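In what follows, a single structure is set out as structure tokens and then discussed.
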Amino acid sequence: MSQQSQLLIEKTSEEQVVDAITLEVVYSSLLAAADEMSGVLGRSAYSPIIREMIDYSCGIFDPVGNLIAQAENIPAHLGSMGSALRELFRDFPPASYKPGDAFLVNDPYRGGQHTPDLHVFTPAFHGDRLVGICGTIAHHADMGGKNPGTEGFDNQSIFEEGLRIPPVQLADSGKINLAIMTIIAGNVREPNATMGDLRAQIASCRFGEGRLTELANRYGFDTLLAVMKRSMDYSALRMQTELVKMKDAESSAIGWLDDDGAGGDPVKICVKVTKNDQKITVDFTGTDPQMAGGMNVPPAAATSAVLYAIKSVVDPETPQNQGCFRPIEVVLPKGSAVNPHFPAAVSLRHLAVQRIADTILRALANLYPDRTAAGTFVGFSSLAIDSWHPVHENPRVIQDDLGGGMGAHPNGDGIDAVDTHCGNVAILPAEVSELSYLIRVRSTELIPDSGGPGKWRGGLGIRREYEIVERSHSGLVYTEQSNPDFAPWGMNGGGSGSPASIKLVRQGGEEIEMGKSYFEAQPGDRIIIETSGGGGYGDPKTREPQLIYQDVLEGKISVDAAENIYGAVIQDSQVDVEATILKRSK
Amino acid sequence: MVATKEIQQEDVYVGIDTGGTFTDCILSQKGKAPIVIKVHSTPSNPAEAILEGLERLSKLAGIPIQKVNSISHGTTVATNAMLQEQWAKVGLVTTKGFRDVLEIGTQMRPELYQLQQQKPAPIVPRNLRTEVAERMAPTGEILESVSKEEVYTVLKELITEDIESLAVVLLFSYANAEHESLIREVAEELAPDLYVGISSEISPEFREYTRTSTTVINAALTPIVRRYIRHLRRELKNKGIQGKLNIMQSNGGIISGEAEVAAHNLVLSGPAGGIVAAAEIAKNAGFSNVLTFDMGGTSSDIGIIIDGEPQVSEKTTVNGVYPLQIPTVDIHTVGAGGGSIAWKDSGGALKVGPKSAGASPGPACYGKGGTEPTVTDANLHLGRLDAQNFLGGEFTVYPEKSQDALQALADNLGLDVERVALGILDVANANMAGALRVVSSQRGHDPRDFALIAFGGAGPLHATALARELGVKNVIIPATPGVLCAHGLLLSDVRHDFTHTEIVALEKADSLQLERSAAELEQRGMERLREDGIPSDRVRLNRTLDLRYKGQEYYLNVPIEGKITKELLEQAMQDFHTVHERTYGHAAVHEPVEMVNLRLSAFGEVERIESHPNNGKNLTNGNASYRSVYFQQGGWTNTPIYKREQLGVDVEIKGPAIVMQMDTTIVVEPGQSMRNDAQGNLIISLGGDK
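Residue numbers (this note's numbering), protein chains in the order written: chain B, 7 to 592; chain E, 19 to 708.
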């Protein structure tokens with residue numbers, strides 16, 4: 007039994023003709039307004055995960071809930087606010103909204119992503135007419151639950167994942183419902199940060215309201231609404247124009263998760279992509295049933311991954327709005343890992359989301375190699391530890407996610423050491439870690455030879471070492487892609503990248519492989535995370551000798567790999583470029 | 019003949035701004051109108067154009083150049099090195115385990131959706147980044163001492179690579195600079211001529227990537243900038259010019275070219291002068307809150323002035339990727355200029371830029387083979403620019419080629435040609451209005467409360483329409499909009515900035531200790547100003563605190579006045595709540611406030627020369643010529659054309675009108691009115707609330 011996810015709403019007011027100029031002038035103002043909302047939220051937020059790691063997005067919707075403009079910081083939020091807004095509309099129809107109202111939702115079974123992602127929505131008015139809705143989604147440092155940071159790979163159900171908030175009214179005509187705030191504050195590990203971040207979200211929405219009202223004053227209510235509608239046609243047309251240039255075909259790919267989060271077998275993601283004229287369908291039929299652990303993917307998150315992959319290959323520059331969905335159809339089998347039944351746990355859905363994006367791109371790479379790249383790091387290697395502030399001594403949760411190598415492609419090497427695909431979060435600065443937590447970062451380095459070899463080399467992974475400074479700490483670490491079979495795949499004869507790993511090294515020297523684990527650590531104990539390099543493209547023996555020389559000089563590949571994998575001639579621990587050219591010409 | 023006798027320097031001040039195409043020069047003398055010229059830049063040796071400019075100025079003024087009291091210079095040497103990534107060869111020493119921080123950066127990728135993207139190469143390649151074993155705690159306590167032997171070994175190896183400069187960045191060095199200083203001592207011993215920049219001096223703030231990047235940019239630019247300034251000083255000396263040489267910095271302040279210039283402070287040396295001049299001119303015209311708009315051929319620079327002060331950011335980004343932690347005048351670039359091409363995109367929207375026709379082929383009307391319509395073509399077609407008198411008449415243009423290019427786009431869009439030409443201007447203006455709104459809202463302000471000052475070749479053409487779009491009520495066009503940056507060089511004070519990082523709850527801060535730290539920064543500031551030759555009665559010291567709510571990551575800058583006491587800190591806390599509310603729309607008065615940095619800006623005030631208005635006549639409409647110009651309000655309209663020098667002081671003239679001057683054209687729309695003020699600025703009033 008499969009269900010097609012509901013991507014389209016788009017029932018809007020009657021036609022008004024909008025020409026190319028009015029469209030650009032007014033729509034660019036809407037996009038700028040979304041960017042300004044993003045500035046307000048980002049600059050005044052409390053949590054490092056919002057401010058420092060930029061894990062939030064802001065959007066503007068039309069009065070019936072179509073996404074019109076989105077300030078995107080990470081693709082994981084692509085188009086996902088809309089599904090939460092539709093659920094809000096079911097409980098609180100737009101006709102009941104008053105100026106100053108605000109609404110809150112995070113429930114993954116009511117259009118949300120995972121419980122730490124709080125959505126705030128507020129209506130915007132022109133006179134007494136609803137002119138649009140402003141929305142923000144932000145990843146809060148903690149929403150309660152059994153683990154610091156709320157996320158848990160082995161969670162058995164949503165009830166272990168902290169506060170689940172179905173659509174509720176957070177403010178009534180400007181008056182905040184303090185009961186809701188109090189309940190949240192009483193259930194999370196860092197109440198001050200959470201309250202501060204929520205205030206920043208509301209302020210961002212209020213700012214957006216002001217901009218929408220001004221736009222309606224400046225251009226007229228009817229013109230503004232007509233432009234909103236036309237902007238969706240615009241994005242749809244851009245996608246469709248590019249799609250018809252691509253050949254019609256069908257392709258499948260299978261991607262694997264290391265395990266189900268609860269110690270079980272690898273989990274299969276099946277993707278079939280069918281491209282037909284202006285349409286593209288992504289069908290997940292065949293994907294394994296929902297998992298016992300916490301990596302299940304609610305439909306909003308799966309849809310974001312689909313949109314990310316399609317947009318990357320079709321037209322990366324299309325402004326994000328509801329129209330982008332028009333050419334796309336997604337089939338998410340109910341009860342599978344990508345559309346689980348209530349109350350499956352979903353807090354670590356982003357690990358599976360990365361693998362979903364990777365699998366779709368693998369299917370697309372078969373059809374459109376010029377538009378794609380080899381496999382990329384999708385392990386999402388992370389830690390979350392209960393720590394304390396070294397000076398204030400208050401308990402704090404430290405979180406860090408590491409990037410890795412991007413896949414090489416027909417036109418060049420993959421980028422070293424970046425966050426990939428649906429993520430784009432910043433690394434925690436070592437000095438911030440030691441200033442704010444009892445945890446010292448001892449090194450942050452590129453890993454030589456981690457990138458898949460090829461004519462073009464995969465990007466390198468990151469190795470980071472953390473040391474517990476004082477007190478006994480408990481926490482969890484997790485990674486995907488630790489199984490070498492699931493490492494970033496090579497393309498067109500290129501080799502795979504290295505797998506990811508997480509180790510705990512006791513002060514005495516004992517090494518424990520962690521993968522996905524809980525741990526207790528004492529001062530002097532170290533956690534070492536290594537992420538994957540990207541896959542290579544093409545035969546490494548055809549890599550330009552000058553590039554191999556440079557890689558060896560910079561220590562990005564070893565002398566051994568240069569000689570044995572890339573076929574370079576080595577002289578005094580360096581690549582002899584001339585001799586290598588000569589050798590290859592024979 | 020160079021006179022052999024002693025020449026007394028008079029009160030003659032020169033400003034010289036080197037740009038990509040022109041070097042703008044201005045000479046100012048007490049009691050006389052300033053003299054302004056443009057000479058062609060000489061990119062391979064910018065000093066050539068500077069000397070040519072000086073000689074021509076001296077001839078025009080009838081003053082021997084030896085009499086010039088001071089030369090203030092805006093240079094693009096650092097900017098160009100940066101844009102072309104022609105860095106000096108730098109070696110980098112870091113704490114063991116952290117040499118890759120420069121390359122990994124934030125780990126964020128430049129583009130979200132490009133699978134085949136590239137990232138610019140790090141300024142220092144991995145083989146020139148080296149490590150030493152050592153470690154400081156955040157408190158400055160030494161956890162692991164650095165070994166002098168290891169430093170010797172590591173540096174000797176780097177020096178054999180023929181590096182031109184050395185950057186040293188150790189963790190928490192801002193809390194204890196001992197190890198960095200030791201590395202510098204060893205480097206100076208091994209290679210006395212090598213420039214060594216240490217992060218505890220260049221950028222003493224926490225966050226290792228930003229500090230590394232800043233220190234490395236400094237090291238990568240210093241040899242280039244110092245070579246240039248030494249060369250320029252020598253050339254000036256050869257001409258017998260003894261006057262002081264001042265260099266404009268990115269923070270909008272000048273610095274003596276005699277002292278060792280901090281090269282990374284020069285990356286926005288050119289445009290900073292424009293903002294400083296805009297602030298001063300607007301203040302004298304009675305406007306203290308001003309948006310600045312400088313439109314050129316390929317892009318536009320916008321900025322913001324609040325309470326008469328150009329706004330300064332504590333951090334900027336070089337080439338869109340490398341963070342640079344220095345106070346920089348807030349300038350944002352929008353990719354729309356006169357040469358920007360208008361096109362229909364695949365979704366059916368009319369876009370303007372970012373592609374530009376540049377100088378070749380240039381806009382369609384240049385007749386050099388350009389077939390795509392540009393912003394300039396739209397202005398020409400609508401009668402805002404004069405085909406008979408383009409760029410002062412030195413340049414032949416072909417209006418029919420604009421017409422053809424616009425017609426083709428109009429057919430493609432299914433619109434008439436005037437609608438499209440006007441639409442091109444509307445779209446370009448909307449892009450700029452969007453950027454100006456962002457700049458204002460970032461600081462918690464509404465653009466409608468501001469005046470707009472326009473300069474650059476194309477700024478005054480678009481300013482009134484842009485003001486209408488923004489709801490701005492007054493537009494200021496300075497007397498010399500084409501050379502405003504050079505003008506600003508004569509209006510800039512000497513400026514040095516200093517930072518002391520200390521993260522502490524404001525309530526628990528030791529005010530005595532903080533006052534000692536502030537006094538220490540002030541002493542360093544006074545010393546630098548003394549080196550610049552600033553007398554103590556011209557010194558001004560500004561203290562500020564970077565504050566945030568405990569738990570926030572970023573801070574707001576709050577000014578403080580006077581000795582630091584418990585009461586002063588209490589006041590700063592109150593001010594912080596207010597600024598937070600204004601900037602972000604919310605505040606939390608019951609939450610603890612944390613101090614992050616204490617900052618000091620040391621200013622040496624320069625002498626201002628009185629500017630002089632031009633002597634316009636009392637003009638009536640009868641003096642004007644007329645031509646047909648297209649306006650959104652009323653279509654084709656027979657419009658009076660004035661020459662700027664004809665405009666009398668305080669005579670109000672109603673729009674529509676076009677005002678021509680050598681370096682720009684000014685559009686006044688129907689319903690607006692203009693008048694020349696006593697300083698020679700044209701003030702255009704939009705009237706009403708709309």
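Just so it is clear, CB atoms sit at the ideal spot from N, CA and C, and this is done for glycine as well. Small disclaimer: the values here were computed from a predicted structure and weren't measured.
Residue i classed as buried or exposed, judged by whether at least 16 other C-beta atoms fall within 10 angstroms
| i | result |
| --- | --- |
| PHE165(B) | exposed |
| PHE224(E) | buried |
| HIS58(E) | exposed |
| HIS463(E) | buried |
| TRP654(E) | exposed |
| GLU536(B) | buried |
| THR335(E) | exposed |
| ASP289(B) | buried |
Residues that residue i bridges to, as DSSP identifies them
| i | result |
| --- | --- |
| TYR340(E) | VAL336(E) |
| TYR524(B) | LEU482(B) |
| PRO714(E) | The question about residue 714(E) has no answer here: the residues shown for chain E are numbered 19 through 708. |
| ILE122(E) | DSSP lists no partner for ILE122(E). |
| TYR472(B) | VAL447(B), ILE533(B) |
| MET313(E) | SER318(E) |
| HIS514(E) | ALA620(E) |
| ASP407(B) | SER388(B) |
First through last residue of the alpha helix (DSSP H) which encompasses residue i
| i | result |
| --- | --- |
| VAL558(B) | 551-559 |
| HIS505(E) | 502-507 |
| ALA375(E) | Segment: none, ALA375(E) is in no alpha helix (DSSP H) and carries neither H nor E. |
| ALA414(B) | ALA414(B) -> no alpha helix (DSSP H), and no H or E assigned at all. |
| ASN236(E) | 226-256 |
DSSP-derived helix/strand/coil call for residue i
| i | result |
| --- | --- |
| SER579(B) | coil |
| ASN694(E) | strand |
| PRO156(E) | coil |
| GLN360(B) | helix |
| VAL393(E) | helix |
| LYS661(E) | strand |
| ILE587(B) | helix |
| ARG455(E) | helix |
| CYS211(B) | helix |
| ALA29(B) | For the sequence presented, residue 29(B) should be read as Leu rather than Ala. In the structure shown, LEU29(B) sits in a helix (DSSP, three-state: H, G or I). |
| TYR384(E) | helix |
| ILE391(B) | strand |
| HIS120(B) | coil |
| GLY634(E) | Bear in mind that a pLDDT of 49 at GLY634(E), under 50, signals an unreliable position, so the model cannot answer this. |
| CYS6(B) | The question about residue 6(B) has no answer, for chain B in this structure spans 7 to 592. |
| LEU218(B) | helix |
CB contact flag (residue i, residue j, <9 Å)
| i | j | result |
| --- | --- | --- |
| PHE516(E) | PHE311(E) | no |
| GLY460(B) | ALA380(B) | yes |
| ALA295(E) | HIS505(E) | yes |
| GLY275(E) | HIS514(E) | no |
| ILE34(E) | SER76(E) | no |
| PHE621(E) | ASP511(E) | yes |
Limits of the beta strand (DSSP E) - the one that residue i falls within
| i | result |
| --- | --- |
| ASN282(B) | 273-282 |
Proximity test, residue i beta-carbon vs the ligand FMN heavy atom, cut-off 8 Å
| i | result |
| --- | --- |
| VAL576(E) | Although the ligand FMN was asked about, the structure shown includes no ligands whatsoever. |
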